Amino acid sequence: MTEQKPGSTGTQASPADEAATAPPERVGMIAVAAYYFAEQRGFAPGQELEDWLQAEKALDAGTAGTTARS
C-alpha cells in the first residue's frame, strides 16, 4: 500500500481541476502560453493537454515568456 499525504486523494489533478483552484491570473498566463505552444505546432488538434502542461511547466520554470527561434 502506498502512503498518501494528509488530505491527498492520490490522484493527479487535471488542468481543468487545477484551473478551478488556481488564481485567475495564473490560469490566464497558462492559457496564453498554451495558445502560443499550439500556434508553434500549427494548431494541430489532439495535443491541447500537452500544450497546457507545457505552458504550466514553462510558467513554473519562469520561461513562459520566452520562445526558441529557429
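Residues 11 to 80 in the working numbering are what the sequence shown spells out, letter by letter. Idealized CB from N, CA, C, for every residue including glycine. Since we're looking at a predicted model, the values are computed, not measured.
Can you give me the C-alpha to C-alpha distance between residue i and residue j, rounded to a whole angstrom?
| i | j | result |
| --- | --- | --- |
| GLN57 | ALA43 | 14 Å |
| ARG79 | MET39 | Only weak support exists for where ARG79 lies, its pLDDT of 39 falling under 50; the coordinates are left without a value. |
| ASP61 | ALA41 | 9 Å |
| THR73 | GLU49 | 17 Å |
| PHE53 | LYS67 | 19 Å |
| LEU69 | ARG51 | 19 Å |
| THR12 | VAL37 | Note that THR12 has pLDDT 48, beneath the 50 cutoff, so the model's placement of it is unreliable and the number below is only indicative. About 31 Å. |
| GLN64 | PRO55 | 16 Å |
| LEU59 | ALA32 | 17 Å |
| ALA71 | PRO34 | 19 Å |
Since residue i is in the alpha helix (DSSP H), which residue starts that stretch and which ends it?
| i | result |
| --- | --- |
| GLY38 | 34-50 |
| GLN64 | 58-71 |
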